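A short worksheet on the structure shown next.
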Amino acid sequence: MLKGGIIGAGFFAANHLNGWNMVDGAEIVALCDTNPDQLTRMGDQFGIGGRFDDAARMLDSVELDFVDIITTAPSHRALVELALSRQVHVICQKPFAENLDDARAMVQAAEGAGKTLMVHENFRWQAPVRAVIDTLRSDRIGSPFFCRASFRSGYDVFSGQPYLAEGQRFIIEDLGIHVLDIVRALMGDVTTVAAHTNRINPNIKGEDVATILLTHDTGMASVVDCSYATQRVPETFPETLLEIDGDNGSLYLKAGYKLEIHANGSVERRDVSPELLSWAERPWHNIQESVRTIQSHFVDCLNTGKSPETSGADNLRTLALVEAAYRSAAQREVIKTKDL
Ligand code: NAD
Ligand code: 89V
């Protein structure tokens, strides 16, 4: 049984703790948060005895195989490097880092330590998104030449995560990063990025609308469009809607987790709704189920020595798209990813 310690017991941590309770082969034995109220609340809720207000103290006191970092991005590099210096594997929440230099340093530190470093980039692990990835990889619609990945919502994310209203960067860094990662999983790596952003909500500091055109190494194109300023009935949070054209057919992931495959003159319709886990609640159940799935993948990789699909090294290429999109929007230029 792998023993894990959690660093960060805030808003999203309960989903990780519930997820870990369902994952075979791993148990959480220690919890760390610098905020004593959060530490007590989460420790009591999940019955974790080993509680620490300092990550170094946790790592020096408890024998751990891995840490699960659930703090916001500014603390990631120091915590990841600390954990690696104590020879433990790491799974770290997205956004992996505030900038590419920090992200590259973490990947290098993991290589130096010989430990696994995975990013908790969970949207590509959502069951409906996975159904699309698997269908595409099974060659059902042939080679893809166009993808649209769309996340448009009016859901109030700020009540649960007030820090999202405070940063100069918002939707691309927090949410677009997931959608960009999904597109990488579907369409492959990206050559150029052209982005336009807006802020519609006057009560936040960052952008809440982003429209991004990507071209891929294959020469094909994708569009990523994200908005937290869109009134929709019914509200689709937190669904990513997908549309992919291939040379033998088309795929659509529509609102309500409906998958349609159009090929050979007929349409196959599938319900690809995520499971409502016992501890999950709508509409978050899609995200919550993916937490358990990505944790299982992490444990599987530790047990088999496989490299995680969303490793730190892989995530550098997703984070580069975030950087490119901000640079493109600011400079009103097309950015080549090789220049980052
Ligand atoms: P939060 O601010 O509510 O919680 C973070 C916690 O970490 C706080 O309790 C804080 O006291 C603690 N902390 C900060 N620095 C620390 C340190 N050095 N040592 C120990 N504890 C420390 O944030 P959140 O909303 O839980 O988000 C955490 C991360 O999860 C963010 O990066 C966010 O983007 C990500 N997130 C991901 C998803 C997803 O679906 N993947 C969903 C929500 C949030
Ligand atoms: O996944 C996330 O990082 C969340 C949310 C889905 C609300 O944007 O912040």
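Remember, the numbering used here sits 1234 above the position in the sequence shown when you count from 1. For each residue, glycine too, the CB sits at the ideal point set by N, CA and C. These figures come from a predicted structure and were not determined experimentally.
Test item: CB-CB of residue i and residue j under 7 Å
i	j	result
aspartate 1423	aspartate 1451	yes
alanine 1312	threonine 1431	no
valine 1458	valine 1506	no
serine 1461	arginine 1386	yes
valine 1443	alanine 1429	no
threonine 1426	valine 1568	yes
alanine 1248	leucine 1553	no
asparagine 1498	proline 1508	no
leucine 1398	lysine 1349	no
threonine 1571	valine 1353	no
alanine 1260	valine 1467	no
isoleucine 1303	isoleucine 1241	yes
serine 1384	leucine 1447	no
Environment of residue i [buried if 16+ CB atoms lie within 10 Å]
i	result
glycine 1239	buried
glutamine 1321	exposed
aspartate 1345	For clarity, residue 1345 is glutamate in the given sequence; the question names aspartate instead. Glutamate 1345 should be labelled exposed.
glycine 1480	buried
valine 1301	buried
glycine 1440	buried
proline 1378	buried
arginine 1291	exposed
glutamate 1355	buried
valine 1257	buried
serine 1393	exposed
alanine 1489	exposed
Per DSSP, the bridge partner or partners of residue i
i	result
histidine 1450	Val1424
cysteine 1381	Ser1456 and Ile1478
glycine 1483	Gly1480 and Ala1497
lysine 1237	Glu1261
leucine 1351	Val1324
histidine 1430	Thr1445
glutamate 1502	Ile1495
lysine 1488	Lys1492
Contacts around residue i, its chain only, beta-carbon distance under 6 Å, and the 5 residues preceding and following it disregarded
i	result
arginine 1504	Leu1493
leucine 1298	Lys1237, Gly1239 and Val1322
isoleucine 1406	Ala1444, Val1556 and Ala1559
asparagine 1252	Trp1513
arginine 1285	Leu1265, Leu1273 and Gly1277
threonine 1527	Trp1359
Reduced DSSP secondary structure (H/G/I, E/B, other) of residue i
i	result
aspartate 1267	coil
arginine 1566	coil
glycine 1284	strand
glutamine 1360	coil
leucine 1313	helix
serine 1545	strand
valine 1301	strand
serine 1295	helix
serine 1372	coil
arginine 1516	coil
aspartate 1335	helix
arginine 1386	strand
serine 1319	helix
serine 1461	strand
valine 1391	coil
isoleucine 1411	helix
phenylalanine 1245	coil
glycine 1539	coil
threonine 1571	helix
Residue i CB to nearest heavy atom of ligand 4 below 6 Å
i	result
serine 1319	The model depicted lacks ligand 4 and carries ligand 1 and ligand 2 instead.
Cβ-based neighbour list, residue i, same chain, cut-off 7 Å, excluding 5 preceding and 5 following
i	result
glutamate 1469	Ser1387, Gly1388 and Tyr1389
threonine 1306	Tyr1397
histidine 1496	Gly1483 and Ser1484
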